[in-house]
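So the structure is just underneath, and the comments pick up after that.
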Amino acid sequence: MTKPIQDPYEAEPSALPFRTGGRLRRNQEYLIFYFFAISSWCLEIAAACLGSLDGAQSHYFIATISPFMATHWMAFLQTCWMMATAPRSTVPHRIAYLNLACRFQRLCAPTALIGMITWAIGYRYRYKASSQAYWIIWLVVWIVDTVVCIMNVYNNISWESDLLYQIAPHYHQGNFWLGVLGIRDICRAKYDPYEKEGIELEEPLNRGV
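Given below as structure tokens:
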């Protein structure tokens, strides 16, 4: 049972009322995102392995953890910017925004999982090869990405999913928990406002605009 949302048909403005530069095509924007995301995961695993040998003071660890942080934050900020400037005045806009929120999970959830496993192993053998700074770094990575995932679920995924159930009850949403884990999008089907099976057309989302 979804939680009722007050005034679901009121158009919600984007968090940032402006855009800078031209708008990339969707496939170009996705290509940039996945380049940063996959690079960050590979560098994260490499840093975890190399740092376990010589600790956080190792040049190899520093040479992999630094670009990992950089690429992770690039993908992170890119998705934040897309969500902050995304329009949310129609049902298709809401569907696109929910998919962006799920993509946010797709970036942070694997990063948090790798950080958690690395921290657990590094802490277990903290008196051996791994230095104290090594497992503390991975503890911070794990906590930060986990907190971001939880906040995104409550503030974006749950809200937008419940809202879509109210304003577009005929639209089929996928598995909610798979979307939370970032495994797949909740909204994969194409939205068709006329495919109702006897349901009356809902009130337009941007009424009074």
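The numbering of the sequence shown is the UniProt record's numbering, which starts it at 1 and goes up by one. Cβ coordinates follow ideal geometry from the N, Cα and C atoms, glycine included. Predicted model, so just to flag it, every value in this text is computed and none were measured.
Counting only residues of its own chain and dropping the five nearest sequence neighbours on each side, F68 has a CB closer than 6 Å to the CB of S40, L43, E44 and A47. The criterion of a C-beta distance shorter than 8 Å is not satisfied by M74 and A101.
The beta carbons of I186 and S161 sit closer together than 8 Å. The stretch 53-109 contains no complete beta strand (DSSP E) run of 3 or more residues. Annotation: the continuous alpha helix (DSSP H) that includes A133 extends over Q132 to N152. Between F35 and G51, the C-beta spacing is not below 8 Å. Pairing F104 with N155 gives a Cβ-Cβ distance that is not under 8 Å. For Y165, the enclosing alpha helix (DSSP H) begins and ends at S158 to I167.
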